[in-house]
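Residue numbers (the working numbering): 234 to 400.
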């Protein structure tokens, strides 16, 4: 799949080379990782390419994670392969559950988890819509973490079709 104009704009909007990355360098290469994942039709098209280790390590977030949430939400607006959609939702869930890596705390970025959750709330309806597709559980998990309206989050979790019925 081609990378949408919206995603390209969101990638271009940020100065990735000025952001810290989980691989101990700058996040200059993160847009290329996103492009590879977004263009992949299946897992074999992105062998060895992971956002994990760059945006976060075991749920510990790095500075690049915050703008990455916006890129993920922009991507969810468009057509994606099942593989790319699943990878992006999984990443969004991890970023939404995460907290700042200790090295980021030392740089004064102790609230990266809160920043990611705030950004994810900007796309609450995109996440809810994903619950009616193949990624029901991930969508419900993300809503549970980011939606401040607990009644709405639990309503959608109950309303999303079960995998058994969706097949």
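Glycine included, each C-beta is placed from N, C-alpha and C at the ideal position.
Looking at the secondary structure, which residues open and close the alpha helix (DSSP H) in which residue 280 lies? Residue 280: not part of any alpha helix (DSSP H); DSSP gives it neither H nor E.
By Cβ distance, which residues of its chain are closer than 6 Å to residue 297, with the 5 residues on each side in sequence left out? Correct list, in chain order: 252, 254, 260, 263, 288.
Going by C-alpha to C-alpha distance, which of 235, 250, 241 sits closest to residue 272? Here the closest residue by C-alpha is 235.
Relative to the C-alpha of residue 324, which residue among 347, 386, 276, 283 is closest? Closest by alpha carbon: 283.
How would you label residue 386, buried or exposed, when you count the other beta carbons within 10 angstroms and need 16 or more for buried? Residue 386 is buried by the Cβ-count criterion.
Have a look at 305, 345, 318 and flag the residue whose alpha-carbon is nearest the alpha-carbon of residue 331. If we check each option's Cα against that of residue 331, 345 comes out closest.
Using a threshold of 8 Å, state whether the C-beta atoms of residue 363 and residue 304 are closer than that. Cβ atoms of residue 363 and residue 304: not closer than 8 Å.
Tell me which same chain residues have a C-beta within less than 8 Å of the C-beta of residue 381, skipping the five on either side of it? Non-local beta-carbon contacts of residue 381 in its own chain, meaning distances under 8 Å to residues more than five positions away in sequence, involve 354 in chain order.
Residue 325 in three-state terms, based on DSSP: For residue 325, the three-state secondary structure derived from DSSP is helix.
Beta-carbon gap between residue 322 and residue 302 smaller than 8 Å: At the C-beta level, residue 322 and residue 302 stay beyond 8 Å of one another.
Distance, residue 338 Cα to residue 315 Cα: Straight across, the Cα-Cα distance linking residue 315 with residue 338 is about 35 Å.
For a test of the three-state rule: what should DSSP assign to residue 387, helix, strand or coil? If DSSP states are grouped into helix, strand and coil, residue 387 belongs with the helices.
Pick from 317, 240, 299 that is closest to residue 279, judged by C-alpha positions: Measuring C-alpha to C-alpha distances from residue 279 to each of 317, 240, 299 identifies 317 as the nearest.
Which same chain residues end up closer than 7 Å to residue 276 when comparing Cβ atoms and leaving out the 5 residues on each side of it in sequence? Cβ neighbours of residue 276 within its own chain (closer than 7 Å, five residues either side excluded): 316.
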